[in-house]
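Peer 1: Quick one: structure below, then a few questions.
Residue numbers (our numbering): 8 to 279.
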């Protein structure tokens with residue numbers, strides 16, 4: 008992949024971050040921290056990696072994407088709109104009563120959304136089911152999922168990890184958005200998940216550790232996942248909560264607090 012293509016992805020990620028800030032400021036509620044931390048991963052998936060057709064969201068052979076940490080949906084909604092699934096003007100209707108863009112994803116309402124979210128810890132099970140269905144139907148599509156670090160404290164994640172390895176789902180690539188903060192504080196204080204790489208290895212996964220804001224490393228990880236056979240791939244992506252907005256970076260308080268109009272202007276200046 009050329010440096011120019013990497014730069015184009017970085018520009019797109021910055022555009023998505025601007026939309027996240029504008030959407031949440033307009034709504035007056037939502038989750039900026041986790042949306043900003045997974046933006047680079049979602050950008051790479053939608054604008055370089057995934058095989059999809061925005062003009063035909065239900066195309067049978069499309070790659071599937073599951074956002075398990077559904078409260079980070081402003082990043083996904085922005086990627087979908089900029090891909091062409093719906094007009095960008097809809098983004099400013101986030102969390103409105105008559106909008107199809109709610110505070111957590113709704114697969115029955117939003118074009119391009121593959122899983123309804125709300126309760127955490129379920130996305131890996133759903134993605135694993137999709138990947139297994141592809142195997143049984145002899146389909147070539149791949150399945151991608153983004154997990155949160157906080158939700159990885161839940162038991163269902165580990166039951167899913169065991170099942171995905173058992174069924175040798177090498178068409179499944181998961182990203183752990185490891186920003187190390189959750190709603191109640193640092194992950195390691197709430198419930199430590201380390202040694203997270205060794206844990207997934209012990210469950211039979213191919214594991215890759217990357218900087219989750221480095222486009223080169225994100226692309227490399229997905230390419231390696233594509234040529235890994237007989238086991239699913241877990242990409243441990245080290246990220247920064249609130250990435251791109253200086254006063255939000257590493258601040259647990261911005262897990263679920265929308266920027267004020269004054270903060271919006273300050274953030275947008277930083278993201279120019």
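In this text, a Cβ means the ideal position worked out from N, Cα and C, and glycines have one as well. Here the structure is a predicted model, which means the values were calculated and not measured.
Apart from the five residues just before and just after residue 3, which ones in its own chain have a Cβ nearer than 7 Å to its Cβ?
Peer 2: An answer regarding residue 3 cannot be provided, because it is not within the stretch 8 to 279 covered by the chain.
Peer 1: Which runs of the alpha helix (DSSP H) fall wholly inside the segment 28 to 66 and span at least 4 residues, in chain order?
Peer 2: Listed in chain order, they are 39 to 44, 46 to 51.
Peer 1: Among all the DSSP beta bridges, which residues are the ones paired with residue 5?
Peer 2: Here the chain comprises residues numbered 8 to 279, so residue 5 is not present and cannot be evaluated.
Peer 1: If we ignore side chains and look at the alpha-carbon of each, how far apart do residue 263 and residue 72 end up?
Peer 2: When rounded, the distance between both Cα atoms is 23 Å.
Peer 1: Residue 178 lies in the beta strand (DSSP E); which residues open and close that run?
Peer 2: Counting along the chain, residue 178 falls outside any beta strand (DSSP E), and DSSP gives it neither H nor E.
Peer 1: Buried or exposed, going by whether 16 or more other CB atoms sit within 10 Å of the CB of residue 36?
Peer 2: Residue 36 is exposed by the Cβ-count criterion.
Peer 1: Return the bridge partner residues of residue 244 from the DSSP annotation.
Peer 2: For residue 244, which the question treats as bridged, DSSP gives the partners 184, 217.
Peer 1: Do residue 204 and residue 243 have their CB atoms nearer than 7 Å?
Peer 2: Going by C-beta atoms, residue 204 is nearer than 7 Å to residue 243.
Peer 1: Could you tell me the distance, in whole angstroms, from the CA atom of residue 112 to the CA atom of residue 104?
Peer 2: Distance between the alpha carbons of residue 112 and residue 104: 14 Å.
Peer 1: Label residue 173 either buried or exposed according to how many other C-beta atoms from any shown protein chain fall within 10 Å of its C-beta, with 16 as the threshold for buried.
Peer 2: Under this definition residue 173 is an exposed residue.
Peer 1: Going by Cα to Cα distance, which pick from 18, 20, 39 is closest to residue 266?
Peer 2: Checking every option, the nearest Cα to that of residue 266 belongs to 39.
Peer 1: Go ahead and label residue 158 buried or exposed: buried means 16 or more other beta carbons lie within 10 angstroms of its beta carbon, across all protein chains shown.
Peer 2: Counting Cβ neighbours within 10 Å, residue 158 comes out buried, since at least 16 surround it.
Peer 1: What are the complete alpha helix (DSSP H) segments, minimum 4 residues, inside the segment 221 to 273?
Peer 2: Listed in chain order, they are 222 to 233.
Peer 1: Whose CA, out of 269, 274, 240, lies closest to the CA of residue 255?
Peer 2: Taking only the C-alpha atoms, the option nearest residue 255 is 274.
Peer 1: Rounded to the nearest angstrom, what separates residue 232 and residue 114 at their Cα positions?
Peer 2: Between residue 232 and residue 114, the C-alpha separation is close to 26 Å.
Peer 1: Could you check which residue in 55, 61, 120, 51 has the C-alpha nearest to that of residue 74?
Peer 2: Nearest option by C-alpha distance: 120.
Peer 1: Where residue 44 and residue 92 are concerned, what is the direct C-alpha to C-alpha distance, given to the nearest angstrom?
Peer 2: Answer to the nearest angstrom: the Cα atoms are 23 Å apart.
Peer 1: Entirely within the segment 86 to 145 and at least 4 residues each: give me those alpha helix (DSSP H) ranges in chain order.
Peer 2: Counting only runs of 4 or more, we get 130 to 143.
Peer 1: If you compare alpha carbons, which of 225, 156, 169 is closest to residue 185?
Peer 2: Measuring from the Cα of residue 185, the nearest candidate turns out to be 156.
Peer 1: What did DSSP end up calling residue 150 once you bin it into helix, strand or coil?
Peer 2: Correct three-state label for residue 150: strand.
Peer 1: Taking its Cβ as the centre, do 16 or more other Cβ atoms sit within 10 Å of residue 126, making it buried, or is it exposed?
Peer 2: That one is exposed.
Peer 1: Within this structure, are the beta carbons of residue 222 and residue 16 separated by less than 7 Å?
Peer 2: Against a cut-off of 7 Å, the Cβ pair of residue 16 and residue 222 comes out as a contact.
Peer 1: Taking Cβ to Cβ, would you say residue 134 is nearer than 7 Å to residue 77?
Peer 2: Taking 7 Å as the Cβ cut-off, residue 134 and residue 77 do not qualify as a contacting pair.
Peer 1: Based on DSSP bridge pairs, tell me the residues matched to residue 69.
Peer 2: BP columns for residue 69 are empty, so no partner.
Peer 1: Are the segment 28 to 35 and the segment 136 to 154 touching, with three or more C-beta to C-beta distances below 8 Å?
Peer 2: No, the segment 28 to 35 is not in contact with the segment 136 to 154.
Peer 1: Between the Cα of residue 65 and those of 47, 176, 108, 116, spot the shortest distance and give me the residue it belongs to.
Peer 2: Closest option to residue 65, Cα to Cα, is 116.
Peer 1: Below 8 Å on the Cβ atoms is my guess for residue 131 versus residue 86; work out the distance and round it to an integer in Å.
Peer 2: Actually they do not touch by this definition, with Cβ atoms about 20 Å apart.
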